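The block underneath contains the structure these notes are about, expressed in structure tokens.
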Amino acid sequence: PIEVSLFEYNIRFFGGLLSAYSLTRDKLYLDKAIEFADSVLSAFNTPTGIPASLFNFKTKSSRTHTWSVGGCSILSEFGTLQMEFAYLSELTGNPIYSEKVDKIRKLVASSLSRNSGLYYNHYNSATGSACSNSISFGAMGDSFYEYLIKEYKRTNGKDVQGKQLFEESIEGAVKLGVYRTSKEGNAFLTTYSGSALSSMEHLTCFMGGTLAYSAPSKDHPNFSRGSKITDTCRLSYVKSKWGIGPDKFYFTSDLEAVGASLSDNIYIQRPEVVESYFYMWRLTKDTKYRDWAWDAVLGINKTRTKFGFGGIQNVYNQNSSLDSTQQSFFLAETLKYLYLIFCEDDVISLDRWVFNTEAHPLPIHDKVNMGPSWKYSRK
């Protein structure tokens, strides 16, 4: 394609190439990763260093999504580049890649406006000012927060700032009621736009595993929060007719972890719930997470078609028709996490690897031998 989403290209292709190199040591993959990174460096040439969402390879120009609030850049997009670009600098010894994302991190830590430690979903790439008052651990925000703690993990504890910003955001979520409890006692994470809402997105369910993963011990509040969020996301699956849940669910006087409209009730093969099962299994060894994962496998198997797997148009109708799309993240993430739940822990060990947001494993500093100084020169 001539024009791509920088975010999607980063997490899927660039991250995939870096992961393939790390797992195989085949320099072909690193060559291609370098080519990709070099080809998009001009996307960062904005007054703030925050790139626009879409990059044109032919013209080397960038633009925002036409539907983005105020024509602004999206937090989850420009905030989900850190791991891949920093890692490439470590592999090559060329600082230009990490400099691009470090400039964004510096801006994030010192200049971008926040609300109780939480960032807004949209920022102007020219001025750095917020373009909306919406806050989310789901769409528009999700992987930004994920990468704060995961870069801390990937650097083997060196990125203390990332950990600090993540912890501040969680305390802010509690303070603002973004992390809250329903009338029936189920914990959930919602969106905030001046006030906290009463819904949760499937996208946000990754935070169950991520919170537990971030906790230094099982006694840390984030471990309990992560466990409770995972339980709630499991509940949204249990209440469907397929054993796999809706894209969005609500907590009201009439609804408890249930979708409210046809657009909410779809299942499009998202990974976040089983992703949290994976982390909770690895961290606790509680067999209920394997049981829940197998329930998801059985539900997903009902979506099998002649040529692949489809999404469900209404998870509350056991006779619902399927859509005609098998998502790429279904293979990269959903099935991968399900597979790993039933593997031994040394298969992509969490002590040695960190998953990017598309589930491509990257090695933890000093935990995987990548050769002398991790440096590479093309012949």
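So the sequence shown is numbered by our numbering: it starts at 688 and just counts up by one. Think of the CB as a built atom: it goes at the ideal place given N, C-alpha and C, for glycine as much as any other residue. Only a predicted model underlies this, so the values are computations on that prediction, with no experimental measurement involved.
Rounded Cβ spacing between residue i and residue j (contact assumed at less than 8 angstroms)
i	j	result
Y1026	A1046	At roughly 11 angstroms, the Cβ-Cβ gap does not stay under 8 angstroms, so Y1026 and A1046 are not in contact.
E959	L890	6 angstroms
W979	R921	6 angstroms
H809	S819	5 angstroms
Start-to-end residues for the alpha helix (DSSP H) that takes in residue i
i	result
A724	714-727
E854	847-863
Y976	975-988
Y696	Premise fails: Y696 is in no alpha helix (DSSP H) and is neither H nor E.
M887	From DSSP, M887 is part of no alpha helix (DSSP H) but of the beta strand (DSSP E) over 886-888.
E777	769-779
R792	783-797
F765	762-765
S709	702-711
L898	893-901
Residue i vs residue j beta-carbon contact at 8 angstroms
i	j	result
I931	F875	no
P738	L775	no
L1049	S706	yes
S740	E777	no
T733	F831	no
G828	L884	no
I1028	R977	yes
Y954	V1002	yes
G986	E888	no
N1043	I698	yes
Y866	R912	yes
L805	T735	no
L1009	G997	yes
G896	S963	yes
H1052	N781	no
E871	E786	no
V961	A983	yes
K928	N1004	yes
Y807	A817	yes
V1041	R841	yes
P933	S923	yes
R969	D906	no
Endpoints, the beta strand (DSSP E) within which residue i is located
i	result
Y839	First-last for Y839: 829-841, but that is the alpha helix (DSSP H), not the beta strand (DSSP E).
P908	No beta strand (DSSP E) contains P908, which is instead part of the alpha helix (DSSP H) from 908-925.
R957	Per DSSP, R957 belongs to no beta strand (DSSP E) and is neither H nor E.
E1020	Note, E1020: premise wrong, no beta strand (DSSP E); not H, not E.
T868	866-868
A874	874-876
Y937	935-938
Nearest candidate by alpha-carbon position, reference residue i, set the options
i	options	result
K845	M770, G815, S1007, A983	M770
S821	S755, F772, K787, F853	S755
N988	L1022, S816, Y937, L949	L1022
M1057	I689, T711, L794, F853	T711
S631	V925, M967, T868	Residue 631 is absent from the structure shown; the chain starts at 688 and stops at 1066.
Q1000	K935, L794, A980, K790	K935
N952	D941, K972, A724, K926	K926
S914	W1040, R750, N873	N873
S760	S800, T779, G815, D973	G815
L1037	S901, Q1014, F1017	S901
Q1014	Q956, S823, L898	Q956
E854	I1035, S869, T868, L898	L898
T746	P688, D718, C1030, S1011	P688
Y784	S748, T971, A773	A773
Y716	V847, G757, T779, G758	T779
I857	A1019, H809, R801	R801
S869	H809, V945, K1054	V945
Sequence-distant residues of the same chain with beta carbon closer than 7 angstroms to residue i, five excluded per side
i	result
V727	L693, F742
A720	F701, L704, L705, Y708, L775
G849	L835, I836, E838, Y839
Y862	Looking at the sequence itself, residue 862 is Lys, so the reference to Tyr does not match. The residues are S803.
G881	N820
Cβ-based neighbour list, residue i, same chain, cut-off 8 angstroms, excluding 5 preceding and 5 following
i	result
V691	L741, F742, F744
Y696	F723, V727, F742
A813	T733, P734, T735
Proximal residues to residue i (C-beta, below 6 angstroms), its chain only, five neighbours per side dropped
i	result
S1064	Bear in mind that a pLDDT of 46 at S1064, under 50, signals an unreliable position, so the model cannot answer this.
M894	F824, L876, I916
D725	none
A730	L693, P738, F742, S749
S950	none
E1020	P958, A1046
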